[in-house]
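What the first sequence shows, in numbering that gives the first Met the number 0, is residues 0 to 188, in sequence order. Report on one structure; see the data block that follows.
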Amino acid sequence: MLGKIIVRRIGKKRLAVRITELEIYDGFKDLASHASKGQTPRNKIMFAEGGYFYIYLVYGMYYMINITTGEKNYPSAILLRGGTIVSKLKNLPTYKLETNLNGPARRNFSEKNLGGPGKLSKFLQVNKKFNEKLARPKNGLWFETDDSLKSKIKISKTPRIGVNYAGPIWSKKKWRYVITQKHNLTKIY
DNA sequence: GGAGTGATGACA
DNA sequence: GTCATCACTCCA
């Protein structure tokens, strides 16, 4: 998933973000995973086969975007935690320019960086209506592959964020993956 | 460093 | 029904 493009269609416009940061939530035993307590109404899509969105609200404000992975009945998903905007500039929504991205004229990495899962969903305008939907263009939210970057990215692994409640074994696993090399990531896709 | 926010799931 | 707890962000 790292380096791939997540695309959101809103009317005729497309928002595109290259994924640069994610976390793995894997299986029944992973105490950081919502699925560690078994199947519930919220997490049931985690038990589907790969390719479905798992969207939920945290802290009353932020939607987390996850994509399911693996076999049916095995709960696993990848949380998208950050990316860089690679939309054509004419497609950028105006609200974004007023907040943390400082306008279309300045285009260096940090200003196009969406660091944090809440920013990602805010920019892509993704909410719970995408929960349990397949990642497909007809659903308005999907992934594309940009092969030009494949061999160039460098990846570092760290513990997952905000999961201390999972105890030392699971909170320390290096299941957060980040693209550390910034070169080329902002190229308009 | 701390407020904000509301769904979720555990327990009664 | 009540309660604590959160896969966080922003402003200070």
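Ideal placement from N, C-alpha and C gives every residue a C-beta, glycine not left out.
- In the DSSP assignment, ALA15 is bridged to VAL6.
- Nearest Cα to ILE54 within the set LEU140, THR83, GLY10: LEU140.
- Rounded to the nearest whole angstrom, the C-alpha separation of ILE84 and GLY37 is 36 Å.
- Its chain contains ILE5, ARG7, LEU14, VAL16, ILE64, LEU140 as the residues whose beta carbon lies nearer than 8 Å to that of LEU123, once the 5 sequence neighbours on both sides are disregarded; these appear in chain order.
- Counting along the chain, the unbroken alpha helix (DSSP H) around LYS118 starts and ends at 116 to 123.
- Counting the other Cβ atoms within 10 Å of the Cβ of ASP146 gives fewer than 16, which makes it exposed.
- Taking C-beta separations shorter than 6 Å and ignoring five residues to either side along the sequence, the partners of GLY50 in its chain run LEU133, ALA134, following chain order.
- Rounded to whole angstroms, the separation of the alpha carbons of LEU148 and SER170 is 30 Å.
- In terms of Cα proximity to TYR62, the closest of ALA47, GLU48, SER75, ARG80 is ARG80.
- The C-beta of ARG159 has 16 or more other C-beta atoms within 10 Å across all chains shown, which makes the residue buried.
- With a contact defined as Cβ atoms closer than 8 Å, SER32 and ASP25 qualify at about 7 Å.
- The residues LEU30, in chain order, have a CB closer than 8 Å to that of GLY166 in the same chain once the five nearest residues on each side in sequence are set aside.
- Looking at the DSSP output, LYS156 bridges to TYR176.
- By the Cβ neighbour-count rule, ASN42 is buried, with 16 or more other Cβ atoms within 10 Å of its own.
- Shown here, MET45 sits in a helix according to DSSP, grouped into three states.
- Taking each of GLY69, ASN72, PHE52, TYR58 in turn and checking the Cα distance to LEU78, the smallest one comes out for PHE52.
- Inclusion of THR19 and ILE178 in the CB contact set at 8 Å is warranted, their separation being smaller than that value.
- Going by DSSP, GLY81 is part of the beta strand (DSSP E) stretching over 75 to 84.
- Take the alpha-carbon of VAL125 and the one of GLY115: they are about 14 Å apart.
- Around ILE187, the same chain offers VAL85, LYS87 as residues with beta carbons nearer than 7 Å, after the five sequence neighbours per side are excluded.
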